[in-house]
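Data block below; observations after.
Residue numbers (this note's numbering): 53 to 706.
Pasting the structure below:
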């Protein structure tokens, strides 16, 4: 399956916002003598004194480098151009050219684009347009982490054919690797658009590998890679600048000798000459991202009863009183198990439990569909509330079950449209999902065991419900066709096709013995730099969108969250504590992209019209704190008010 791309006006507008800032700049290419070695540099100086020989001319012809031509328009013209773009895009006008203090990174332009709206696509297209209009061809994409680096590289790969059809040629990017300095020579000597992708650790860390970019290398003709890069006058594109704007990193970026700098993010901390904005409100109103809904699970202290009760949902009917789907404990012989049943007003939990003493006098006095609650002995218990004796394992089981039910409901609704549904679980420890015995054989971890138990139960219940719905329909049309076990259409076959162990898989770091391990997270960081896990996530991106692939439920380490941007993630469940607001937003952001169907076609407004948010709905299965965050996110989108801020000291604060 191949993802399909098309021209979208909001992305074209973002590209135009950057290109128009340089109106008046001439179309020009520029060359320089690419220093192949110290000896060739000496010969180049010799040539400059007119002591040229045929052999020397041949050597120098092979040593041509290409660089971006200098900006020819004046700073006052640049400011006029920026202001014109800002007026067009209804943004606060810069009073002067805004720059980071005490560093030389050329002109800085800020582009704000909400997560999931194609930020990487936009800046790749910007490269093409800048090249077509002004001749600029050298670009460096700077990213804060290996996760984003791998994602950016993947975006270049999957958009290559799309851009070749439009512009007639491909961009061939490369990821900077200190052990392959020859890539830099190719970057400098290629007359086509050349792109280097580099994470900040590769030039700003203290380690031996990071220092190589500044060293004279024997395997690079005793040249310094940074000096060759600097000669190309590259345009810097900073992906997520709020994560790389430390003083030391900014100072190190000067060594690239940038022509100018473009900054792309949804969450800028500091803004310089903002020329385009597509914020959360814009993205939601223009139906460019999924709608968010929340299933919250709230642990409550038990006051009216000591028995375990979990209210899953309240069901309403036009012809019947409301009923509550309730989980409670039930004694069967000497064993106690938890059961889920639809209960009406008057249900006696003491009797239903098999006379368990903790449910003594527990009667459902009211099922309130309006307020989405039940009343037990005067105590309000709302849908999503769990009361009684509940440990963390019980709580995680409820989250997993709710994710499965949401998934199956979404799957039923979208199967006919050819849309594969995926659910993503974030966990903090691999052994919760997979463990190994003494022989190295894989065994299910705690969460994987719970998942398979709950999936089997949910699927059986779902198939029975599906059969009942169809049989109710047949009673009104062809009563003779009613028989238990009949499953209409292909969705039933799809649901029955795969066993529980086949529908889930783990995406983690892998050690030399091919075992899942917890990713390495450096001190003071939240995200992993383990390439093995990201390779797996990126490699499987298209495969996971195919109905032939049975995997639909994905378990991954929370430190790998930035590697996930699969458009068909419809459920996100964090089986972990998630207190940091930014981190929670990043996790929710993994599911914000509009989905694609089995042909790789984006299910956006142009394709499905007003149904776009009926189809594209992200469900967050949340703990209380997580739910509170998601609801605030939704409320902020609804009540968002833009603020304009005066520029101070050449910096426009966020």
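The beta-carbon is built from N, C-alpha and C at its ideal position, and this holds for glycine as well.
Computed from a predicted structure; not experimentally measured.
Does residue 609 come out as helix, strand or coil in the three-state DSSP assignment?
Taking the first residue of the chain shown as position 1, residue 609 is located at position 557. Strand at residue 609.
Going by CA-CA distance only, name the one from 121, 135, 298, 168 that's closest to residue 331.
Taking the first residue of the chain shown as 1, we reach residue 331 at position 279. Checked all of 121, 135, 298, 168; the closest Cα to residue 331 is 168.
List the endpoints of the continuous alpha helix (DSSP H) containing residue 658.
Translated into positions along the chain shown, residue 658 becomes position 606. Counting along the chain, the alpha helix (DSSP H) containing residue 658 begins and ends at 657-660.
How about residue 650 and residue 398: do their beta carbons lie closer than 8 Å?
As a first step, residue 650 must be located in the chain shown, where it is residue number 598. As a first step, residue 398 must be located in the chain shown, where it is residue number 346. In this structure, residue 398 does not lie closer than 8 Å to residue 650 by Cβ.
Report yes or no: do the segment 660-679 and the segment 443-462 share at least 3 C-beta pairs separated by less than 8 Å?
With the cut-off at 8 Å, the segment 660-679 and the segment 443-462 touch.
Considering just the uninterrupted stretch of the beta strand (DSSP E) at residue 438, what are its terminal residues?
The count along the chain shown starts at 1 and reaches residue 438 at position 386. First-last of the beta strand (DSSP E) with residue 438: 437-439.
Excluding the 5 residues preceding and the 5 following residue 183 in the sequence, name in chain order all residues of the same chain whose CB lies nearer than 7 Å to its CB.
Indexing the chain shown from 1 puts residue 183 at position 131. Closer than 7 Å at the Cβ level, and outside the excluded window around residue 183, lie 189, 245.
Just reading off the alpha helix (DSSP H) that residue 281 is part of, what are its end residues?
Numbered from 1 along the chain shown, position 229 holds the residue referred to as residue 281. Per DSSP, residue 281 belongs to the alpha helix (DSSP H) from 277-283.
State whether the segment 410-423 contacts the segment 368-380, with contact taken as three or more CB pairs (one from each stretch) at a distance under 8 Å.
Result yes; three or more Cβ-Cβ pairs closer than 8 Å.
What is the rounded straight-line gap between the Cα of residue 198 and the Cα of residue 228?
As a working note, residue 198 is residue 146 in the chain shown. As a working note, residue 228 is residue 176 in the chain shown. If I take the Cα positions, the gap works out to 11 Å.
Give the DSSP bridge partners of residue 507, in chain order.
Looking up residue 507 in the chain shown gives position 455. Looking at the DSSP assignment, residue 507 forms no beta bridge with any residue, so it has no partner.
To the nearest angstrom, how far is it from the Cα of residue 715 to the Cα of residue 594?
Missing from the structure shown is residue 715; the chain here goes from 53 to 706 and no further.
For residue 256, does the three-state DSSP call read helix, strand or coil?
Locating residue 256 in the chain shown gives position 204, where the first residue counts as 1. DSSP places residue 256 in helix when its eight states are reduced to three.
Determine the direct distance from the alpha carbon of residue 556 to that of residue 474, and round the result to whole angstroms.
Counting from 1 along the chain shown, the entry for residue 474 is found at position 422. Counting from 1 along the chain shown, the entry for residue 556 is found at position 504. Residue 474 and residue 556: Cα-Cα distance of roughly 10 Å.
Measuring CA to CA, which of 158, 117, 664, 447 is closest to residue 74?
For the purposes of this step, residue 74 is taken as residue 22 along the chain shown, with counting starting at 1. Closest by alpha carbon: 158.
Find out if the Cβ-Cβ distance for the pair residue 314, residue 71 is shorter than 8 Å.
What you label residue 314 is simply residue 262 of the chain shown in a count that begins at 1. What you label residue 71 is simply residue 19 of the chain shown in a count that begins at 1. No, Cβ-Cβ distance for residue 314 and residue 71 is not below 8 Å.
Rounded to whole angstroms, what's the CA-CA distance from residue 242 to residue 510? Just pull it up for me.
Here the question's residue 242 lines up with position 190 in the chain shown. Here the question's residue 510 lines up with position 458 in the chain shown. In a straight line, the C-alpha of residue 242 is about 57 Å away from that of residue 510.
Quick check: the Cα distance between residue 324 and residue 495, rounded to an integer number of angstroms?
Here the question's residue 324 lines up with position 272 in the chain shown. Here the question's residue 495 lines up with position 443 in the chain shown. For residue 324 and residue 495, the distance between alpha carbons rounds to 52 Å.
Using the DSSP secondary-structure output, state which residues sit across from residue 333 in a beta bridge.
Start at 1 with the first residue of the chain shown, and residue 333 comes out as number 281. According to DSSP, residue 333 bridges with nothing at all.
Is residue 498 helix, strand or coil when you go by DSSP?
As a position in the chain shown, residue 498 is number 446, starting the count at 1. If DSSP states are grouped into helix, strand and coil, residue 498 belongs with the helices.
Hey, quick one: how far does the beta strand (DSSP E) through residue 383 stretch, first residue to last?
What you label residue 383 is simply residue 331 of the chain shown in a count that begins at 1. Unbroken beta strand (DSSP E) run through residue 383: 375-384.
Classify residue 294 as helix, strand or coil using the three-state DSSP reduction.
Position 242 of the chain shown holds residue 294. Helix.
Using the DSSP secondary-structure output, state which residues sit across from residue 720 in a beta bridge.
Because the chain here runs from 53 to 706, residue 720 falls outside it and cannot be looked at.
Is the beta carbon of residue 596 less than 8 Å from the beta carbon of residue 547?
As a first step, residue 596 must be located in the chain shown, where it is residue number 544. As a first step, residue 547 must be located in the chain shown, where it is residue number 495. Contact flag unset, no.
For residue 366, which of helix, strand or coil comes out of DSSP?
Against the chain shown, residue 366 aligns to sequence position 314. Here residue 366 sits in strand by DSSP.
May I have the straight-line CA-CA distance separating residue 727 from residue 266, to the nearest angstrom?
The chain is shown only over 53 to 706; residue 727 falls outside these bounds and no answer can be derived.
Got a sec? Which residues, its chain only, sit under 7 Å from residue 329 by beta carbon, not counting five neighbours each side?
As a first step, residue 329 is located in the chain shown; it is residue number 277 there, counting from the start. Only 141, 143, 164 meet the Cβ criterion.
Using CA atoms only, rank isn't needed, just tell me which of 233, 256, 284, 350 is closest to residue 118.
As a first step, residue 118 must be located in the chain shown, where it is residue number 66. It is 284.
Any contact of the segment 430-438 with the segment 486-493, i.e. 3+ C-beta pairs under 8 Å?
Verdict: no, contact absent.
Taking the beta strand (DSSP E) that residue 230 belongs to, which residues open and close that run?
Here residue 230 corresponds to residue number 178 of the chain shown, with the count starting at 1. Unbroken run through residue 230: none, as it is neither H nor E.
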